[in-house]
Structure formats: structure tokens, C-alpha cells
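J.: A single structure is presented below for examination.
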Amino acid sequence: MAGKITQLMDESAAKSPWLYHINTGSCNGCDIELVACLTPRYDAERFGFKLAGSPRHADIVVVSGPVTSQSKERLIRTLAQVPEPKCVVSIGSCPRSGNVFKGSYSVEGPLEKYVHVDVSVAGCTPKPEAIMEGLYRAAQILTEKRKAMHK
Amino acid sequence: MMFPFLKKAVLNAFDKPSTEAFPNPEAEGLGKYRGRIVFHEDKCVDCGKCIQVCSPIAITRTEEKVEGGTNITRSFDLTSCTFCGTCQDFCDEGSIELTTDYHMVAEDPKDLIVTGVTFKKDIAGHIVCDTSACIYCGLCMRNCPQSTIKVDRATKTWEINLDNCVKCGICIGKCPKKVLSFSEE
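Read top to bottom, the protein sequences are chains A and B.
Numbered per the working numbering, the first sequence spans residues 53 to 203.
Numbered per the working numbering, the second sequence spans residues 742 to 926.
This is the structure in C-alpha cells:
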């Protein structure tokens, strides 16, 4: 009986992966494209993606920006609050490598140092279509993770 | 009129939806988006200009000695690229191309590295100028990727710093009088 309920919960949760967006010193380009994703034109909400207000409600964490010294502490603290299973998506070149900011005294990236990045979307900035593709893949990974967790 | 928008609401039911399909085949190859880099390795002459102009240091070059020449591996890290297109603009041979392909999503960042191997023949000689026919126009100086050539029109001198020369041969192609060549030895 308990197994059945868990299965039902997993199946429902797969259709509503909530996002939490962290900007770690991004130029705002990627943030705008992520917001564009949620507009009626691209409509990521038809797959159940919804921007959550708190990291405690999130399944997928979307990170943009090269991880600056000021945001590093906040990033680590926020990521620690996201419940497992979680999926981290990096948007743009910055979280992966630092892009043009690499080597700066105030950049403490890449993001991979602090958390495992499940899906990376490249582009500077990526098109909303590409972000949608990344989020869609993240949702699939999340389903697999949840399945492995409840085995 | 009780329902002023009734007509519009009914008509909208038969309209094309404003939401784009996913995946959207109509968005392919549209606009001037600079996306995935395609490296035409057969055209590259290894002049090194792309590495010099790349601001996020996304292009790396490694070389491996083989018989009769060198295998040069050039890799473009798309997770580090700004997609500014400067490397494409500076490449004289047109070996770097930024396509409109925006599908750059990967779980493994290694999938986002574009590499190409160029074979560069060993050339024993170096660039020489036949100064009797040279008009000192300075095109070789301006197009040299490593700034090895110095041309002075006033004093009619042509000099090359062989330490920096990468033997790409761009100057030979640019010379309007065809006075530049590789020396025999």
C-alpha cells in the first residue's frame, strides 16, 4: 500500500517539476531568457515547470552567472536547502567556466566546484528553445533519480 | 451587448495557437543567432589568430609530432565561448563557422567541445622576399597574424622576425606582386 502511494506521488511529481532560479552575478541575459521561457509564447508551464519562491519547494535549480565571491556563500546555503532528489541546470557559459569573467579576483567559479551540474545549456545567451530543452532533460533526470531513490 | 468579446473568443478557438510547438521546427536556422561552432579542419592553416582574439580563452591548441609534420588539435570549448564571432571574422581561411544551431544541451560538458585535427607539413625553408620586384605595399605586414613582418615604404626595407613566424603562408596569398615565397633550404 505504502509502495503504491509512493508510486502515485512520483508519477504526479514528474509532471510538476518546480524551478528555483539563482543568479550568481549573471549579466541578466540568461535570466531574461529563462523568464521568456515561462511566457505564453514558449510556455514551459505546459510541462509543469513553475517558478518556486523558495528553494525548499524546488526540484530543479537553475543557476546563471559565474559565481562571484559575494554570491558564493548564498549559493551554497541556498543549494543546501533544496531537498533531494534535486537537479542542477546551468544556463549559459558563465556557470560552467566563468566565460569572459574567468580569472577575475571576484569570480570563484566554476559551479562544478560546489555542486554536480546535471545539465548544462551552452550559449551566450541560450535561446529559450534551448533552455526548454535543458529543462525537459532535467525533468527526465529527476524522474530517474526519484525512481532510484524509491527502489 | 452582454458579451462584447464573444465573437473574438469564438474566433480565437479556431486560430493558430500563439504558443510555439516544442520542439519547434520553424525556429531552425532562423535569424542571426550565433550558435554551435563548426570547425573546418581541412581549411585551417594554423596561423593562431583565433586564439589571440578569443576573449574568454575558449580555444586551445595542442600539437603532436608525427612523421613529416605536426598534428595540430584545436578545440573550441562551447561551455566557455561568448559566441561573439570574432574568431570567425578573423579567420582568413574561413575554417571557423558559427552556425545557427542552438541545440547545445548536454549532460556531459565534453559533448560541448568541438575539436579538429589539422596536419601541418614540416617546411624546411622560411619566407623570403624578392625585393627587386617588391612594391612595399605592406599587405603582408598588415595580414601577418603574428606581426613578424616589418615593411617600411620610405626606406624600402622588408624584414621578417623568423622566431615568431608560424609558416602559415597567408602573406604569400596576400602579396599582389607574388614576390614572397618559401626558400628552398
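We treat Cβ as the ideally placed atom computed from N, Cα and C, and that holds for glycine.
#1: Which term fits K806(B), buried or exposed, when burial requires 16 or more other beta carbons within 10 angstroms of its beta carbon?
#2: Reducing DSSP to helix, strand and coil, say where D62(A) ends up.
#3: Flag Y157(A) as yes if its beta-carbon sits less than 8 Å from any beta-carbon of chain B, otherwise no.
#4: Mind the definition here: the stretch 88–96 of chain A touches the stretch 138–146 of chain A only if three or more C-beta pairs lie below 8 Å; say whether that holds.
#5: Does the Cβ of V169(A) have 16 or more other Cβ atoms within 10 Å, making it buried, or fewer, making it exposed?
#6: Just the Cα atoms here: how many angstroms apart are G150(A) and A104(A)?
#7: For chain A, find out if any of its Cβ atoms is closer than 8 Å to the Cβ of A928(B); answer yes or no.
#8: Using a Cβ-Cβ cutoff of less than 8 Å, which residues in the same chain neighbour I901(B) once the five nearest sequence positions on both sides are dropped?
#9: Measure the alpha-carbon distance for V134(A) versus A847(B) and round it to whole angstroms.
#10: When we look at the beta-carbon of S121(A) and count the other beta-carbons within 10 Å, is it buried (16 or more) or exposed?
#11: Within the chosen definition, does the stretch 753–765 of chain B reach the stretch 121–132 of chain A through at least 3 CB pairs nearer than 8 Å?
#12: Give a yes or no on whether 8 Å exceeds the smallest Cβ distance from Y166(A) to chain B.
#13: Counting contacts by CB-CB distance shorter than 8 Å, is F831(B) in contact with chain A?
#14: Helix, strand or coil: which one does DSSP assign to L163(A)?
#15: Residues in the same chain with beta-carbon distance under 6 Å from G879(B), minus the five sequence neighbours each way, listed in chain order, please.
#16: If I'm right that A65(A) touches R198(A) with Cβ under 8 Å, what's the distance once you round it to whole angstroms?
#17: Please confirm if the stretch 98–118 of chain A is in contact with the stretch 786–798 of chain B, defined as three or more CB-CB distances below 8 Å between the two stretches.
#18: For the stretch 836–847 of chain B and the stretch 760–777 of chain B, state whether three or more C-beta atom pairs, one from each stretch, are separated by less than 8 Å.
#19: For C683(B), return the contacting residues in chain A, with the cut-off set at a CB-CB distance below 7 Å.
#20: Does any CB atom of chain B fall closer than 8 Å to the CB of P137(A)?
#21: First and last residue of the beta strand (DSSP E) that includes Y72(A)?
#22: Using the beta-carbon of each residue, which ones in chain B are nearer than 8 Å to P107(A)?
#23: Label A174(A) either buried or exposed according to how many other C-beta atoms from any shown protein chain fall within 10 Å of its C-beta, with 16 as the threshold for buried.
#24: If you draw a straight line from the alpha carbon of C885(B) to that of I911(B), how long is it in whole angstroms?
#25: Show which residues of chain A have a CB atom less than 8 Å away from the CB atom of E900(B).
#26: Can you list, in chain order, the residues of its chain whose CB lies under 6 Å from that of A110(A), leaving out five sequence neighbours each side?
T.: Walking through what the data contain:
#1: exposed
#2: helix
#3: no
#4: no
#5: buried
#6: 26 Å
#7: Outside the displayed span of chain B (742 to 926) sits residue 928(B), for which this structure offers no information.
#8: H867, I868, C870, T889, I890, K891
#9: 23 Å
#10: Result: exposed.
#11: The stretch 753–765 of chain B is not in contact with the stretch 121–132 of chain A.
#12: By this cut-off, Y166(A) is not an interface position.
#13: no
#14: helix
#15: These residues qualify, in order along the chain: V892.
#16: Between R198(A) and A65(A) the Cβ distance is about 7 Å, and since that is below 8 Å, they are a contact.
#17: no
#18: yes
#19: Nothing can be reported for residue 683(B), as the shown portion of chain B is limited to 742 through 926.
#20: no
#21: 70–75
#22: Chain B residues near P107(A): none, gap ~22 Å exceeds 8 Å.
#23: Under this definition A174(A) is a buried residue.
#24: One alpha carbon belongs to C885(B), the other to I911(B), and they sit about 7 Å apart.
#25: Simply none; closest approach about 35 Å.
#26: Take A110(A), set aside five residues on each side of it, and the residues of its chain with a beta-carbon closer than 6 Å to its own are W70, Y72, A104, V134, in chain order.
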